[in-house]
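K.L.:
Protein chains in written order, with my numbering: chain A, 3 to 316; chain B, 3 to 316; chain C, 3 to 316.
Idealized CB from N, CA, C, for every residue including glycine.
This structure is in structure tokens; I'll ask about it shortly.
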Amino acid sequence: MTLHDIAEHLALELVDFSAVEITGINTLKDAVAGEISFLSDSKYEKDLESTQATAVILPSKKAYLLPRECIPLCSDEPYLMVAHLSKFFAKPIQSSALSPVIGENSTVYPTAHVENGAQIGSGCTLMSGVYIGTNVTIGDNVILYPNVVIYRDSIIGNNVMIHAGSVIGSDGFGYAHTKMGEHIKLYQNGNVIIEDDVEIGANTTIDCAVFGSTQIKQGSKIDNLIQIGHNCIVGEHCIMVSQSGLAGSTTLGRNVVMGGQSATAGHLSVAPFTTLAARSGVTKSITKGGVYSGFPLMEHKLWLKLQAKLAKLL
Amino acid sequence: MTLHDIAEHLALELVDFSAVEITGINTLKDAVAGEISFLSDSKYEKDLESTQATAVILPSKKAYLLPRECIPLCSDEPYLMVAHLSKFFAKPIQSSALSPVIGENSTVYPTAHVENGAQIGSGCTLMSGVYIGTNVTIGDNVILYPNVVIYRDSIIGNNVMIHAGSVIGSDGFGYAHTKMGEHIKLYQNGNVIIEDDVEIGANTTIDCAVFGSTQIKQGSKIDNLIQIGHNCIVGEHCIMVSQSGLAGSTTLGRNVVMGGQSATAGHLSVAPFTTLAARSGVTKSITKGGVYSGFPLMEHKLWLKLQAKLAKLL
Amino acid sequence: MTLHDIAEHLALELVDFSAVEITGINTLKDAVAGEISFLSDSKYEKDLESTQATAVILPSKKAYLLPRECIPLCSDEPYLMVAHLSKFFAKPIQSSALSPVIGENSTVYPTAHVENGAQIGSGCTLMSGVYIGTNVTIGDNVILYPNVVIYRDSIIGNNVMIHAGSVIGSDGFGYAHTKMGEHIKLYQNGNVIIEDDVEIGANTTIDCAVFGSTQIKQGSKIDNLIQIGHNCIVGEHCIMVSQSGLAGSTTLGRNVVMGGQSATAGHLSVAPFTTLAARSGVTKSITKGGVYSGFPLMEHKLWLKLQAKLAKLL
């Protein structure tokens with residue numbers, strides 16, 4: 003679609019350039035020529051001057067920060083505009099004419115469904131009811147237990163085991179909000195990357211990134227009924243115990259342990275070798291490894307002390 | 003089955019009327035002629051005098067409150083009696099001879115299963131492993147990702163998107179209890195209604211109503227791994243973040259936001275435009291919109307103050 | 003494989019006996035002749051003297067406690083050694099040449115998959131997308147809703163109902179850890195036993211035992227999105243409400259009630275007729291029935307008192 007089409011659809015003020023062809027949406031940092039980007043949070047202002055995006059939706063007063071060759075599309079609600087626009091660039095469920103490629107010595111049960119463009123390595127087992135989306139890549143010696151669902155574009159490494167019913171690559175939970183209180187879906191066009199030797203339990207959900215990749219790094223072990231939000235990065239050799247959760251865009255360093263029912267807010271980072279006790283809730287980044295408990299979070303020793311003090315109130 | 007059969011089965015005292023035909027069970031308020039109802043909680047006593055039920059199971063001392071034409075079946079354990087009885091009126095998995103109707107431009111993957119009596123609108127995609135129960139109605143432009151399960155009688159609006167592995171309409175968690183501590187299932191005969199423009203994440207569960215409908219109203223967005231109990235009503239444009247939950251018969255007003263891992267007890271109502279912080283736990287109805295935190299729940303400002311006070315204990 | 007092979011694989015010191023054939027791994031207590039066992043926790047030292055295992059991996063200084071006929075394999079990291087070894091004895095996904103046996107009046111939907119060696123009783127319904135593993139035994143009048151997955155060797159009693167998407171018998175979350183911080187999977191070779199009259203909700207997960215059985219006893223009712231870890235025992239007529247969880251090796255006595263989002267740590271026991279309020283967290287065994295709340299857990303009355311005291315801080 004053309005910039006002219008977009009501006010007309012969104013009723014935006016277009017300086018000129020209306021026949022410029024736009025191929026997709028991306029962040030200011032990652033956009034390449036042909037893509038449109040947006041500024042919805044002032045902390046990304048620093049990315050304006052170096053963006054490669056062909057056009058950027060942003061408040062008019064910030065337009066001067068753009069590179070000379072970048073086309074501004076001005077709006078007071080850039081995030082909402084991007085959400086509306088994202089539907090036009092949403093990836094279809096199927097988008098490949100290539101028959102799936104299945105490696106040697108791999109078993110695909112008859113009721114598994116593998117979309118076109120998928121590539122499965124050797125020595126894999128895809129059990130009954132498994133779904134593999136278009137353009138998914140799966141390494142060698144991967145076991146997908148029954149009814150595992152891998153959404154399009156996911157990349158799964160070698161020696162990965164995913165237990166029954168888990169869902170990899172479902173849409174991140176991202177919406178812009180209108181002044182009337184409606185929620186407009188930001189169609190998610192990123193993916194999930196799961197590295198080698200990862201094991202994922204049953205009925206766990208890992209969302210795809212809105213842009214870029216949600217990543218589970220080498221050797222991490224994820225239990226049952228866990229939520230991992232869009233754009234999270236789980237470092238090498240992490241342990242996440244059942245019913246724990248990561249909100250979007252949070253990063254765990256290597257060898258982080260999260261106890262049962264623990265959780266983090268979004269956009270945080272947790273230092274390597276941190277242990278979060280069961281039920282702990284992280285609302286600020288953790289810069290130093292250690293053992294933490296409670297909600298609000300504190301050092302585990304302090305939490306024990308606090309509980310002792312509270313017991314004395316009785 | 004006849005009232006005579008029922009009384010014999012349950013060893014209840016039947017005044018007369020044993021050949022009266024009973025067609026189903028319902029609440030005092032919603033029962034129509036031909037149905038049997040029950041009084042198990044004194045707060046519903048007010049519904050006795052106006053019930054349209056043909057017969058009511060209730061303690062004998064309350065029988066005088068019934069309309070003259072309503073037949074009392076007397077028991078000290080009416081809820082247990084109804085649970086025993088409910089098995090006889092449990093809806094079968096399949097109950098239609100009509101082939102399913104699939105609208106124009108809709109795609110049903112080969113391993114999806116659509117029961118008789120179901121109606122699918124136009125422009126829908128039912129991916130692999132999807133199950134559609136008998137008499138389910140689905141609107142237009144609905145996407146059901148792989149392995150979504152829709153139990154019988156559910157009604158899904160237009161432009162609804164449900165991510166992989168979610169279950170809509172599973173039985174509510176309702177039991178009567180014997181004096182010996184056994185739990186007798188109350189077979190659930192209600193349904194789920196999901197209105198237009200709702201999006202539901204992966205591996206979420208929404209139970210059907212025991213009688214009537216569990217409802218998710220227009221434009222609400224429900225994340226992954228969320229539990230919505232029987233007979234809940236989620237208002238328009240609500241947001242429920244991952245791993246949150248609603249116990250049975252709770253009502254959210256419009257534009258309520260529930261943070262991650264938050265929850266409510268049952269039989270509550272939450273005022274419109276209320277925000278419940280992550281991890282908050284609601285045990286009483288909220289009559290005034292605002293931002294609330296903690297368990298027990300309090301205004302978010304108070305919760306912050308309390309945490310500051312607790313920190314000073316250390 | 004021979005002990006010689008094992009010692010070579012793990013670089014362990016083998017006294018002699020290298021041609022002794024080993025058939026499996028088991029606990030000290032349950033191992034029979036031909037099996038290898040291990041000592042990784044001093045609380046099991048008492049089982050050394052009476053073990054029937056043919057060989058035991060243990061620290062060299064404990065070898066003298068073994069029966070004279072038992073062969074020691076000495077290591078300072080016995081648990082890690084067992085984890086490495088367990089892969090060799092991991093049960094294959096399929097291990098029977100016998101066609102499944104389906105009882106009279108049982109319905110198996112076309113997209114359900116029943117592995118060889120499984121036995122299904124009479125009057126059962128296995129709906130679309132159900133998976134039944136090898137050597138699974140299912141009683142009579144069992145309903146498995148769509149996409150339920152039963153892993154190999156599970157035993158399901160009569161009149162059991164399991165709602166859509168639940169997973170029974172997925173691998174317990176068990177790993178040994180190397181000094182470099184890697185996690186080595188302990189392949190799980192136990193099973194799950196579900197007794198008569200149990201109902202299980204939607205998208206719940208019950209892990210198999212590492213050795214022996216995870217058990218859900220007669221008449222218990224388990225709601226949606228619940229996690230039950232490996233080797234747990236849920237007593238008769240228990241109630242577990244949605245999003246609650248049991249960590250591994252915990253035992254609930256009969257008629258325990260667990261409220262929504264409550265949880266226990268592992269290796270605990272909870273006394274019969276205990277009620278755990280919603281959100282409560284159990285970190286020590288409960289020896290006396292009663293009503294408990296909070297995290298840390300306390301008597302519900304005390305918890306109410308504590309909340310009243312805290313409210314006065316404001």
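Going along chain B in order, which residues have a C-beta closer than 7 Å to the C-beta of A:Glu184?
P.N.:
Locating residue 184 of chain A in the first sequence gives position 182, where the first residue counts as 1. Correct list: Gly221 and His239.
K.L.:
I want to verify the contact list: residues of chain A whose CB lies under 8 Å from the CB of B:Gln245, in sequence order.
P.N.:
Indexing the second sequence from 1 puts residue 245 of chain B at position 243. Residues of chain A whose Cβ lies closer than 8 Å to the Cβ of B:Gln245 are, in chain order, Gln229, Gln245, Gly247 and Ala265.
K.L.:
Taking only beta carbons into account, state which residues of the stretch 132 to 166 of chain C come closer than 9 Å to chain B, listed in chain order.
P.N.:
Residues Ile145, Tyr147, Pro148, Asn149, Met163, His165 and Ala166.
K.L.:
Mind checking the stretch 170 to 182 of chain B against chain F and listing, in chain order, the residues whose C-beta falls within less than 7 Å of any C-beta there?
P.N.:
Structure shown: chain F not included; protein chains present are A, B and C.
K.L.:
Could you run through the stretch 98 to 122 of chain B and flag, in chain order, every residue whose CB is less than 7 Å away from some CB of chain C?
P.N.:
Thr113 and His115
K.L.:
Are B:Leu188 and B:Ile164 close, meaning C-beta to C-beta below 7 Å?
P.N.:
Residue mapping note: residue 188 of chain B aligns to position 186 of the second sequence, counting from 1. Residue mapping note: residue 164 of chain B aligns to position 162 of the second sequence, counting from 1. No, they are not a contact pair.
K.L.:
Per the DSSP calculation, A:His185 is bridged to which residue(s)?
P.N.:
Working through the first sequence from its first residue, we reach residue 185 of chain A at position 183. Beta-bridge annotation (DSSP): A:His185 is paired with A:His179.
K.L.:
Tell me the residue span of the alpha helix (DSSP H) that contains C:Glu10.
P.N.:
Counting from 1 along the third sequence, the entry for residue 10 of chain C is found at position 8. Its alpha helix (DSSP H) spans residues Leu5 to Leu12.
K.L.:
At least one CB of chain A closer than 7 Å to the CB of C:Asn257: is that the case?
P.N.:
For this step, residue 257 of chain C is matched to residue 255 along the third sequence. No, its Cβ sits nowhere closer than 7 Å to a Cβ of chain A.
K.L.:
Got a sec? Which residues, its chain only, sit under 8 Å from B:Asp198 by beta carbon, not counting five neighbours each side?
P.N.:
Taking the second sequence and counting its residues from 1, the one referred to as residue 198 of chain B is at position 196. Contacts found: Gly141, Gly159, Asn160, Asn161, Val162, Gln220 and Gly221.
K.L.:
When you compare the stretch 109 to 121 of chain A with the stretch 78 to 91 of chain A, are there three or more beta-carbon pairs, one atom per stretch, that lie closer than 8 Å?
P.N.:
The stretch 109 to 121 of chain A, when compared against the stretch 78 to 91 of chain A, does not touch it at the 8 Å Cβ threshold.
K.L.:
Who are the neighbours of B:Phe297 on chain C, taking C-beta pairs under 7 Å?
P.N.:
Residue numbering aside, residue 297 of chain B sits at position 295 when the second sequence is read from its first letter. Arg281, listed in chain order.
K.L.:
Considering only residues of the same chain and omitting the five flanking positions on each side of A:Gly237, which have a CB-CB separation below 8 Å?
P.N.:
To locate residue 237 of chain A, count along the first sequence from 1; it is residue 235. If we look at A:Gly237 and ignore the five residues flanking it on each side, its Cβ neighbours are Lys219, Ser222, Thr253, Leu254, Gly255, Arg256, Asn257, Val258 and Pro274.
K.L.:
I'd like to check one pair, A:Val169 with B:Asn137: are the Cβ atoms closer than 7 Å?
P.N.:
The residue labelled residue 137 of chain B in the question sits at position 135 within the second sequence. The residue labelled residue 169 of chain A in the question sits at position 167 within the first sequence. Not a contact, by the Cβ cut-off of 7 Å.
K.L.:
Out of C:Phe213, C:Ile195 and C:Lys45, which has the shortest C-alpha to C-alpha gap to C:Asn28?
P.N.:
For the purposes of this step, residue 28 of chain C is taken as the residue at position 26 of the third sequence. Taking only the C-alpha atoms, the option nearest C:Asn28 is C:Phe213.
K.L.:
Under 9 Å between beta-carbons, which chain B residues line up against C:Leu316? List them in chain order, please.
P.N.:
Looking up residue 316 of chain C in the third sequence gives position 314. Residues of chain B passing the Cβ test: Met300, Leu304, Lys307, Leu308 and Lys311.
K.L.:
Which whole-angstrom value describes the C-beta separation of A:Tyr133 and A:Val151, a residue pair presumed to lie in contact below a C-beta threshold of 8 Å?
P.N.:
In the first sequence, counting from the first residue as 1, residue 133 of chain A sits at position 131. In the first sequence, counting from the first residue as 1, residue 151 of chain A sits at position 149. About 5 Å separates the beta carbon of A:Tyr133 from that of A:Val151, a gap short enough to meet the 8 Å contact definition.
K.L.:
Using DSSP bridges, identify the partner residues of A:Gly26.
P.N.:
Numbered from 1 along the first sequence, position 24 holds the residue referred to as residue 26 of chain A. DSSP output for A:Gly26 lists A:Glu37 as bridge partner(s).
K.L.:
Anything in chain A within Cβ reach of B:Gly291, meaning under 7 Å, just list it in chain order.
P.N.:
Here residue 291 of chain B corresponds to residue number 289 of the second sequence, with the count starting at 1. The premise fails here: B:Gly291 is roughly 12 Å from chain A at the closest Cβ pair, so nothing lies under 7 Å.
K.L.:
Give a yes or no on whether the minimum CB-CB distance between C:Thr216 and chain A is below 7 Å.
P.N.:
Position 214 of the third sequence, counting from 1, holds the residue named residue 216 of chain C. Taking Cβ atoms only, chain A never reaches closer than 7 Å to C:Thr216, which makes this a no.
K.L.:
To the nearest angstrom, how far is the alpha carbon of A:Ser172 from that of A:Leu100?
P.N.:
To locate residue 172 of chain A, count along the first sequence from 1; it is residue 170. To locate residue 100 of chain A, count along the first sequence from 1; it is residue 98. For A:Ser172 and A:Leu100, the distance between alpha carbons rounds to 23 Å.
K.L.:
Bridge partners of A:Met300, per DSSP?
P.N.:
Walking along the first sequence from the start, residue 300 of chain A turns up at place 298. Note: A:Met300 sits in a beta bridge opposite A:Ser295.
K.L.:
Identify, in the order they occur along the chain, each residue of the same chain with its Cβ nearer than 7 Å to the Cβ of A:Leu12, setting aside the five sequence neighbours on each side.
P.N.:
Residue mapping note: residue 12 of chain A aligns to position 10 of the first sequence, counting from 1. So the qualifying residues of the chain are Met83, His86 and Leu87.
K.L.:
When you compare each of C:Asp49, C:Tyr66, C:Ser98 and C:Ala57 to C:Leu14 by their alpha carbons, which one comes out closest?
P.N.:
As a first step, residue 14 of chain C must be located in the third sequence, where it is residue number 12. Among C:Asp49, C:Tyr66, C:Ser98 and C:Ala57, the Cα nearest to that of C:Leu14 is on C:Ala57.
K.L.:
Looking at C:Glu106 and C:Ser124, is the spacing between their C-beta atoms short of 7 Å?
P.N.:
Within the third sequence, residue 124 of chain C is the residue found at index 122, counting from 1. Within the third sequence, residue 106 of chain C is the residue found at index 104, counting from 1. Contact: yes.
K.L.:
Do you know offhand how far B:Gly262's Cα is from C:Glu10's?
P.N.:
Reading the second sequence from its first residue, position 260 is the one you call residue 262 of chain B. Reading the third sequence from its first residue, position 8 is the one you call residue 10 of chain C. For the pair B:Gly262 and C:Glu10, the Cα-to-Cα distance works out to about 50 Å.
K.L.:
Less than 7 Å separating the beta-carbons of C:Ile224 and C:Ile202?
P.N.:
Locating residue 224 of chain C in the third sequence gives position 222, counting from the first residue. Locating residue 202 of chain C in the third sequence gives position 200, counting from the first residue. Going by C-beta atoms, C:Ile224 is nearer than 7 Å to C:Ile202.
K.L.:
Between the Cα of B:Val103 and those of B:Thr139, B:Ile38, B:Pro94 and B:Ser130, spot the shortest distance and give me the residue it belongs to.
P.N.:
Here the question's residue 103 of chain B lines up with position 101 in the second sequence. Answer by Cα proximity: B:Thr139.
K.L.:
Give me the Cα-Cα distance between A:Ile196 and C:Glu117, rounded to the nearest whole angstrom.
P.N.:
The residue given as residue 196 of chain A occupies position 194 in the first sequence. The residue given as residue 117 of chain C occupies position 115 in the third sequence. About 29 Å.
K.L.:
Let me check understanding here. Comparing Cα to Cα, which of C:Lys93, C:Ser287 and C:Glu47 lies closest to C:Thr25?
P.N.:
Reading the third sequence from its first residue, position 23 is the one you call residue 25 of chain C. For C:Thr25, the nearest C-alpha among the options comes from C:Lys93.
K.L.:
Compare the C-beta of C:Thr56 with all C-beta atoms of chain A and state if any pair is closer than 7 Å.
P.N.:
On the third sequence, position 54 is the one that residue 56 of chain C refers to. Residue contact with chain A for C:Thr56: absent (no Cβ-Cβ distance below 7 Å to any residue of chain A).
K.L.:
Is the Cβ of B:Thr253 closer than 7 Å to any Cβ of chain C?
P.N.:
For the purposes of this step, residue 253 of chain B is taken as the residue at position 251 of the second sequence. Output row for B:Thr253: interface = no.
K.L.:
Here's the rule: buried if 16 or more other CB atoms are within 10 angstroms of the residue's CB, otherwise exposed. What is B:Gly74?
P.N.:
Taking the first residue of the second sequence as position 1, residue 74 of chain B is located at position 72. For the sequence presented, residue 74 of chain B should be read as Pro rather than Gly. Buried, because 16 or more other Cβ atoms sit within 10 Å of the Cβ of B:Pro74.
K.L.:
For B:Ser251, which residues of its own chain have a beta-carbon under 6 Å away from its beta-carbon, when the five flanking residues on both sides are left out?
P.N.:
Along the second sequence, read from residue 1 onward, the residue named residue 251 of chain B stands at position 249. Excluding residues within five positions, the ones whose Cβ falls inside 6 Å are Asn233, Gly268 and His269.
K.L.:
Which residues share a DSSP beta bridge with B:Asn257?
P.N.:
On the second sequence, residue 257 of chain B is found 255 positions in, with the first residue counted as 1. Answer by DSSP bridge pairing: none, since B:Asn257 is not bridged.
K.L.:
Taking CB distances under 7 Å as the criterion, tell me whether C:Asn233 reaches chain A.
P.N.:
On the third sequence, position 231 is the one that residue 233 of chain C refers to. No, C:Asn233 lies away from the interface with chain A (no Cβ there is under 7 Å from its Cβ).
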